[in-house]
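The structure appears below as structure tokens.
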Amino acid sequence: MSKPYTGGCACGAIRYEISAEPIAMNDCQCRHCQSTSGTGHGSYLTFPSREAVRLEGEATHWDMVSDSGNVKTRGFCPACGSPVYLTFSDTPDFFTIHAASLDDPGRYEPQMVTYTVRGHAWDRLDPAVQKFEKMPPA
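Residue numbering for the sequence shown is 1 to 138, as defined by UniProt numbering.
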């Protein structure tokens, strides 16, 4: 394994260290990700086990229901408002972080784009990355 993935919110009130490798790195163009990122997509790294995550600080949580009916819980800083992580009701062991919350965002390398059906022409993502109109099959 490489060095741990570290990061947190803009003000430093929430910090994480993850001693695992991500199982997926993706850009998502769904409307919820557009709204929470303030741009055309959200960029995420998903890790296979919450056991590998050390989380410090108290996040505020907001639940929303995806197109599939899955509940996504978004963790963000109550002080600065930075989005930091997501968890999912249908895959409770997974832990997903926002790429921009990494101390070294250069470690993010998108492997796919999801929900291109909701993408905007002005949100130009890497044409070489595999794209899916919605979520890819598991």
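Glycine is no exception: its CB is placed at the ideal position from the N, C-alpha and C atoms. All figures in this text were calculated on a predicted structure; none of them were measured in a lab.
Residue from the options with nearest C-alpha to residue i
| i | options | result |
| --- | --- | --- |
| V53 | M25, T87 and G12 | T87 |
| D93 | I23, P110 and G12 | I23 |
| R124 | D90, D27 and S2 | D27 |
| residue 142 | D90, W62 and S66 | This structure gives no information on residue 142, because the portion of the chain shown stretches from 1 to 138. |
| S66 | Y44, L45, V84 and D90 | D90 |
| Y44 | P127, Y85 and H120 | Y85 |
Cβ shell of residue i (< 8 Å), same chain only, five flanking positions each side left out
| i | result |
| --- | --- |
| I18 | P4, Y5, T6, F47, A52, V53, R54, F95 and I97 |
| R118 | Q29, C30, R31 and Q34 |
| F132 | M112, V113, T114, Y115 and T116 |
| C80 | C9, A10, C11 and A13 |
| V129 | D27, P110, Q111, M112 and V113 |
| T39 | D123 |
| K134 | D67, T114, Y115 and V117 |
| S2 | E21 |
Where residue i falls, given that 16 or more other Cβ within 10 Å makes a residue buried
| i | result |
| --- | --- |
| residue 139 | The requested residue 139 does not occur in the structure, where the chain is confined to residues 1 to 138. |
| P136 | exposed |
| K72 | buried |
| N70 | exposed |
| C77 | buried |
Own chain, CB closer than 7 Å to residue i, minus 5 neighbours either side, in chain order
| i | result |
| --- | --- |
| R15 | G8, E56 and G57 |
| T36 | G42, R74 and P83 |
| R107 | Y5 |
For residue i, the residue or residues it bridges with in DSSP
| i | result |
| --- | --- |
| V65 | V71 |
| P83 | F76 |
| S43 | D27 |
| E17 | T6 and R54 |
Any non-hydrogen atom of the ligand MG closer than 8 Å to residue i Cβ
| i | result |
| --- | --- |
| P110 | Ligands displayed in this structure: none; no statement on the ligand MG is therefore possible. |
8 Å contact criterion, which residue i and residue j should meet: CB distance rounded
| i | j | result |
| --- | --- | --- |
| A59 | G75 | 4 Å |
Own chain, CB closer than 6 Å to residue i, minus 5 neighbours either side, in chain order
| i | result |
| --- | --- |
| L102 | G7 |
Contact with chain B by residue i, beta-carbon distance below 9 Å
| i | result |
| --- | --- |
| S43 | Annotation note: the requested chain B is absent from the structure, which comprises a single protein chain. |
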